[in-house]
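So the mapping is simple: the working numbering equals the position in the sequence shown, first residue as 1, plus 7.
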Amino acid sequence: MKGVVLLRCLFVVLFLGFRATSRNVGTFWHFTDFHVNMSYGILNSSGSWGRYDQDTSPIVAFTGIELGNDYGYAENKPDFVIWGGGSAPQGGAATARDLRESLAFLSLHFRNAFPTDQIPIIPVIGTHDIYPPNKMSPKLHDSDRTKWCTELATNESLWKPWILGGFETKESIFHRNCYMLYTIPNKKPLIVLGLNSLVWYTNNSLVDERIVDPLNQFQWIMDNLEYARKNAIKVILAMHVPFGGPEIGANDYHHLKETYNEMLVELIRNYSSVIITTIASHEHIDAFRVILDEKYHPVGTMFLGPAVTPRHIDGIGSNNPRIRQFFYDRDTGAVLNYRQFYLNLTQDGPSWKVEYNATGEYSLNNLTATELGKLLDEFTTEDDKNGRWGAYWKHQLGGRPHEKPPKRGDGECPEARSVCRCEQICSIRHLDVKTLNECLKICQSSDTPHLNTIDDLINGRGGSDVSNAGTIVGIVIGVLLLAGVLIGIGFILYRRWRN
């Protein structure tokens, strides 16, 4: 009970803080990667709550959704909810029946918590919202995809109540393509584009890069962004699989096929004045991205929502279940803040608590690209100034320890000039494949690699990350050539002296 009172008090303080600025502040929630296991076994000291080697228990999923209802209505109801995908259990044993049971269970509780006639819920198709997982055809005329998208859109126990609330165009009919446009009826309208990232996904064996624009989705995105720009409307992109690479393992893997990744990054750069932010999922960790234009100016953001499932991921670790509430300016579209709730499964009889609020934790004015760019520059140059990097590292897994990956020292990234930190920075700020790969080369060039800050890159100090990687190779080659020349000259002089 004390925890509930404290949470409500914290909300009031936070909300009144925004009210004091006379801003027209709205809120929305992001729930993602439940991977709820309806046959969950109660085998640990936390009882029915959860364990780190299994997916989400039904009670964790239910109480997490209800938390959004309880505290979302403490002062004002949310403008909308993004359900970021990832519903079914992970692992090869999950069946089509498991998928339907998980989807129906979550859909029921979302309808109960957020009445469909009051709050739009935007469901986004994810890797575990289809059977078999990860696989969806990118071809325009595919009966399996059409059948499943139609079932999601027309089944009362699944997504029908929310798909009906979306705005369908000829190109975006959810029944066929599993992507959708949603209009949020604020005084200044807001558009949310719920994307189908599966048709660009690296681990989708059906993806074919010979298809220039799978399901005509890029053209649809561009048409809607152009409409928004002409009519002064702001847009949020919501997708399951993010673009760019992961913080850990980006040397070996990028989330989307390169062709589609570059097309999406270019679209976002070109329409950065329209796009508020991108809300993504899939990685299960708490992370963010700063999107840079060709001249390295911060022009966009992406927020990767942490997972509800606590299940351990090899090479990364396990995490505590978490959900997130965003605060944004309805007039300008600027993302002002978010607060994150978590459930500590190591406690007996755990309860949802506030993990942190972003602007307070990182000493930021808001969560715009410029502010996050400054924070990222601090992460690039400072080991742990005022504990902000330490906080970011801790929150990635909700207070759980990271696994110690090979070739990264102690695995805790405590130093700015470390391979581990370098790779994290590269993934956060380089979303196109070329500059990401060139940045990662710098990380592999030394045990204490040095990256330029975004400010350095903008002002031409120290060259770009790309040129730095080339410079390192150039210096080595230059030294070898110089040594060869000197040896040759020495040999000639020696011969002359002998003669």
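Each residue gets a CB set at the ideal place from its N, CA and C atoms; glycine is no exception.
- Of all alpha-carbon atoms in ARG30, MET45, ASP60, ASN44, the one lying nearest the alpha-carbon of HIS319 is that of ASP60.
- Short of 8 Å from the beta carbon of TYR234, and not among the five residues preceding or following it, lie these beta carbons of its own chain, in chain order: ILE240.
- For TYR186, there is no enclosing alpha helix (DSSP H), as DSSP marks it with neither H nor E.
- Annotation: ASN268 to GLY356 spans about 43 Å, alpha carbon to alpha carbon.
- DSSP, read as helix, strand or coil, puts TYR267 in helix.
- Beta-bridge partners of ARG331 (DSSP): HIS37, GLN347.
- For PHE121, DSSP assigns no beta-bridge partner whatsoever.
- Spatial neighbours of ALA68 in its own chain (CB-CB distance under 6 Å, excluding positions within 5 residues in sequence) are listed in chain order as PHE41, VAL43.
- If you ignore the 5 residues before and after ALA398, its C-beta comes within less than 8 Å of the C-beta of TYR363, GLU368, TYR369, all in its own chain and listed in chain order.
- With a cut-off of 8 Å on Cβ pairs, the segment 179-197 is not in contact with the segment 104-116, counting fewer than three such pairs.
- Contact check between the segment 428-437 and the segment 379-392: three or more CB pairs, one atom from each, fall below 8 Å, which counts as touching.
- Under DSSP, ILE89 shares a beta bridge with HIS37, ILE129.
- Taking 8 Å as the upper bound for CB-CB distance, GLN403 and ASP293 are in contact here, some 5 Å apart.
- Taking 8 Å as the upper bound for CB-CB distance, TRP169 and ILE128 are in contact here, some 5 Å apart.
- For VAL297, no alpha helix (DSSP H) run applies; the uninterrupted beta strand (DSSP E) run containing it begins and ends at 294-299, by DSSP.
- Rounded to the nearest angstrom, the gap between the Cα atoms of ARG118 and ASP105 is 20 Å.
- Linking LYS195 to HIS37 through their CA atoms gives a straight-line distance of about 21 Å.
- Distance check between ASN223 and each of MET270, VAL199, VAL248, ASN210 places MET270 closest, using alpha-carbon atoms only.
- Measuring C-alpha to C-alpha distances from THR102 to each of ALA160, ILE126, MET246, MET45 identifies MET45 as the nearest.
- Take the alpha-carbon of TRP166 and the one of LYS237: they are about 31 Å apart.
- A residue is called buried once 16 or more other Cβ atoms fall within 10 Å of its Cβ, and GLU216, having fewer, is exposed.
- Sequence-distant partners of MET229 (beyond 5 residues in either direction) whose C-beta falls short of 7 Å from its own C-beta, in its chain, are LEU274.
- The Cβ atoms of LEU464 and LEU244 do not sit closer than 9 Å to each other.
- With respect to the C-alpha of ASP454, the residue from ALA423, GLU445, THR442 having the closest C-alpha is ALA423.
- Here HIS247 is near THR134, since their CB atoms are less than 9 Å apart.
- By the CB criterion at 9 Å, PHE87 and ILE198 fall outside the cutoff.
- The secondary-structure analysis by DSSP pairs ASP336 across a beta bridge with VAL32.
- Within the same chain, Cβ atoms closer than 7 Å to the Cβ of ASP336 are found at ARG30, ASN31, VAL32, LEU343, the five residues on either side in sequence being excluded.
- Under the three-state reduction of DSSP output, MET229 falls in the helix class.
- Taking the Cα positions, GLU73 is about 44 Å away from LEU458.
- Residue environment: THR308 is assigned as buried (16 or more neighbouring CB atoms within 10 Å of its CB, all protein chains considered).
- With a cutoff of 9 Å on beta-carbon distance, HIS409 and GLY251 are scored as not near each other.
- Per DSSP, reduced to three states, the secondary structure at ILE243 is strand.
- The shortest C-alpha to C-alpha distance from TRP207 to any of ASN141, LEU200, TRP227, VAL242 is the one to ASN141.
- In terms of CA proximity to ASP149, LEU213 leads the group ILE330, THR339, LEU213, ALA287.
- Pairing PRO313 with ARG296 gives a Cβ-Cβ distance that is not under 9 Å.
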